[in-house]
Amino acid sequence: TVSELEDYVARMRPHLAMNEQTVDFLGFLVGRTYDGEGDLPAPTRAERVDAELGLVAAMALMPEWARRMTGTYQSPWVDRAVLAPVLRARAAAVRWAIPELPCVVMARERADGGLQARTWVHVR
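Residue numbers (my numbering): 72 to 195.
As structure tokens, then:
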């Protein structure tokens, strides 16, 4: 239940902290830990900014204490005036680029027993 989940988080909260491992993980998420080795190129500045924005957006769903702990806290004013419009534009761009997710199409097909005709894109 929601109450049980809230109790669990309250019990675990004293054990949560920003330590070297969590700093490294957040750095990995936003591309700050690239060491020049491996098969992937270093992220561009635009890719790093995009990743940082994605992290801040994801953390915006978290409670204020978690945002403060991770350094992703923005004031409610910044959330409304800056972050929300940018995220709405980003979501609109994704919906434009991918109007219907393949998983949604597959779920609908499973739900109707495969009665809908499949649309295939043929590459020649």
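A virtual CB, placed ideally from N, CA and C, is assigned to each residue, including glycine.
These figures come from a predicted structure and were not determined experimentally.
Item to check | Straight-line gap, residue 134 to residue 80 (C-alpha atoms, nearest Å) | outcome: The count along the sequence shown starts at 1 and reaches residue 134 at position 63. The count along the sequence shown starts at 1 and reaches residue 80 at position 9. Their backbone Cα atoms lie some 11 Å apart in a straight line.
Checklist entry - If you follow the alpha helix (DSSP H) that residue 84 is part of, which residue opens it and which one closes it? => result Taking the sequence shown and counting its residues from 1, one reaches residue 84 at position 13. Residue 84 -> no alpha helix (DSSP H), and no H or E assigned at all.
Next on the checklist: Under DSSP, the alpha helix (DSSP H) around residue 121 begins and ends at which residues?
Outcome noted: Along the sequence shown, one-based indexing puts residue 121 at 50. Note, residue 121: alpha helix (DSSP H), 116–130.
Item to check | Distance between beta carbons of residue 126 and residue 101, contact taken as under 8 Å | outcome: The residue given as residue 101 occupies position 30 in the sequence shown. The residue given as residue 126 occupies position 55 in the sequence shown. 5 Å between Cβ atoms; contact.
Next on the checklist: Closer than 8 Å is the cut-off here; do at least three beta carbon pairs connect the segment 111–126 with the segment 88–101?
Outcome noted: yes
Checklist entry - Beta carbon of residue 89, beta carbon of residue 140: below 7 Å? => result As a working mapping, residue 89 is identified with position 18 in the sequence shown. As a working mapping, residue 140 is identified with position 69 in the sequence shown. Contact flag set, yes.
Next on the checklist: So for residue 78, helix, strand or coil by DSSP?
Outcome noted: Counting from one through the sequence shown, the residue named residue 78 turns up at place 7. Helix at residue 78.
Next on the checklist: Quick check: what's the CA-CA separation for residue 87 versus residue 144?
Outcome noted: If you number the sequence shown from 1, residue 87 lands on position 16. If you number the sequence shown from 1, residue 144 lands on position 73. Approximately 16 Å, taken between the alpha carbons.
Checklist entry - Roughly how far, in whole angstroms, is the beta-carbon of residue 128 from the beta-carbon of residue 158, given that I think they are within contact range, below 8 Å? => result Residue numbering aside, residue 128 sits at position 57 when the sequence shown is read from its first letter. Residue numbering aside, residue 158 sits at position 87 when the sequence shown is read from its first letter. Confirmed, Cβ separation roughly 5 Å.
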